[in-house]
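In what follows, a structure is listed as structure tokens, so that the remarks can point back to it.
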Amino acid sequence: MHKIGVISDTHGLLRPEVVKVLQGCELILHGGDLGSGEIMGALEQIAPVYAVRGNNDDWLDGEKAYFLPEILSIELYGVSFFMIHNKKMIPKDTAVFDVIIYGHSHKYEEKYIDGQLWLNPGSCGPRRFTLPVTIALLEIAEDGSFQVKRVDLENHKASTSRTKTLNPHSDIRRMIELVVKDTEKGIAVNKIAERRGISLELTEQICRLYLTHPGVDADGIMRKMGM
């Protein structure tokens, strides 16, 4: 089962609860209006990102490394995607795609038209009026079938533990790499723990091993932790 995070309209704000929900995703799809290159960089620390240009992404003009197309068509794990920011700009010849992803309205929308999924994950950036703060998680099976789940970030924040349990080897290694990057940026240990959704004790252990053993990598830290 492949897990993809689908988000849109961050407008320069990447909430800690968004980062937490996206942990474990293999890819992130962004429907536009990122707001800054810092958002793209932060998302790329979690997983590879495919994004389209929103109407408020003028900041991209001077940042060639983060040039985004207005439309994007890709195939992932046997499923074909068409991405654009504004639903009103979707062309008529998109019937060949399995999933249409868009944003702009800040309103979550999930509907099937002739077997094709049309998905707006809503906005997970600054709140617009009283609209909910949402993203979507898309799970794709090996046979190409898929299912989508709406995540209300306020409900998620209220009903889930602040500590994430890590079991798979690959998840632990990835988490260590992210903690190391945050440490190199000078972020406080308690902030790293909150940002990455892991316990303060585990965060302190990773930071201590990294700082006291210059040049050690994630695999080396895991060995010293007995993993």
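If you read the sequence shown in numbering that gives the first Met the number 0, its first letter stands for residue 0, the second for the next number, and so on.
Note that CB positions come from ideal geometry on N, CA and C, so glycine has one too.
Buried or exposed: where does N119 fall if 16 or more other Cβ atoms within 10 Å of its Cβ makes it buried? Burial of N119 is indicated by the presence of at least 16 other C-beta atoms within 10 angstroms of its C-beta.
In terms of residue numbering, what span does the beta strand (DSSP E) encompassing T93 cover? According to the DSSP assignment, T93 belongs to no beta strand (DSSP E), since it is labelled neither H nor E.
Let me know the secondary structure DSSP gives E109 once reduced to three states. In the structure shown, E109 sits in a strand (DSSP, three-state: E or B).
Relative to the C-alpha of I171, which candidate in I99, E138 and I197 has its C-alpha closest? When only C-alpha atoms are compared, the closest one is I197.
Sort out for me which residues DSSP pairs M82 with in a bridge. BP columns for M82 point to L71 and I100.
Per DSSP, the bridge partner or partners of I3: Per DSSP, L26 and L137.
Using the Cα positions of T133 and K110, report the straight-line distance between them to the nearest angstrom. Their Cα atoms are separated by approximately 16 angstroms.
Please report the Cβ distance between L12 and G124, rounded to the nearest whole angstrom; I am assuming they are in contact, meaning their Cβ atoms lie under 8 angstroms. Going by Cβ atoms, the distance from L12 to G124 rounds to 4 angstroms, so yes, they are a contact pair.
Run through the DSSP bridge pairs and tell me what A50 is partnered with. Bridge partners of A50: H29.
Roughly how many angstroms separate the alpha carbons of H1 and L33, rounded to a whole number? If you draw a straight line from the Cα of H1 to the Cα of L33, it comes to about 24 angstroms.
Among the candidates I191, G53, P47 and Y76, whose CA atom is the shortest distance from the CA of T9? The shortest Cα separation from T9 among I191, G53, P47 and Y76 belongs to G53.
Applying the 10 Å Cβ sphere with the 16-neighbour rule, what's the burial state of L42? For L42, the number of other beta carbons within 10 angstroms of its own is at least 16, and it is reported as buried.
Could you compute how far the alpha carbon of T162 sits from the alpha carbon of R195? Since pLDDT at T162 reaches only 38, below the 50 mark, its modelled position is unreliable, and the value read off the structure follows with that caveat. Taking C-alpha positions only, T162 is separated from R195 by approximately 9 angstroms.
Applying the criterion that 16 or more other CB atoms from any shown protein chain within 10 Å of the CB defines a buried residue, is T159 buried or exposed? Reliability of the predicted coordinates at T159 is poor, the pLDDT of 37 falling under 50, and the value obtained from them is presented with this limitation in mind. Looking at its Cβ environment, which holds fewer than 16 other Cβ atoms inside 10 Å, T159 is exposed.
Let me know the secondary structure DSSP gives P120 once reduced to three states. In the structure shown, P120 falls within a strand segment according to DSSP collapsed to helix, strand and coil.
In terms of alpha-carbon separation, which member of N189, Y49, I175 and I186 lies closest to G219? Ranked by Cα distance from G219, the options N189, Y49, I175 and I186 are led by I175.
Please report the residue range of the alpha helix (DSSP H) in which K19 lies. Per DSSP, K19 belongs to the alpha helix (DSSP H) from P15 to L21.
Cutoff 8 angstroms: M0 Cβ touching any chain D Cβ: Protein chains in the displayed structure number just one, and chain D is not present.
Quick one, which of K223, P68, G40 and F80 has its alpha-carbon nearest I3's? Among K223, P68, G40 and F80, the Cα nearest to that of I3 is on F80.
On the DSSP letters alone, give me the boundaries of the alpha helix (DSSP H) that Q204 sits inside. Run containing Q204: L199 to T211, per the alpha helix (DSSP H) assignment.
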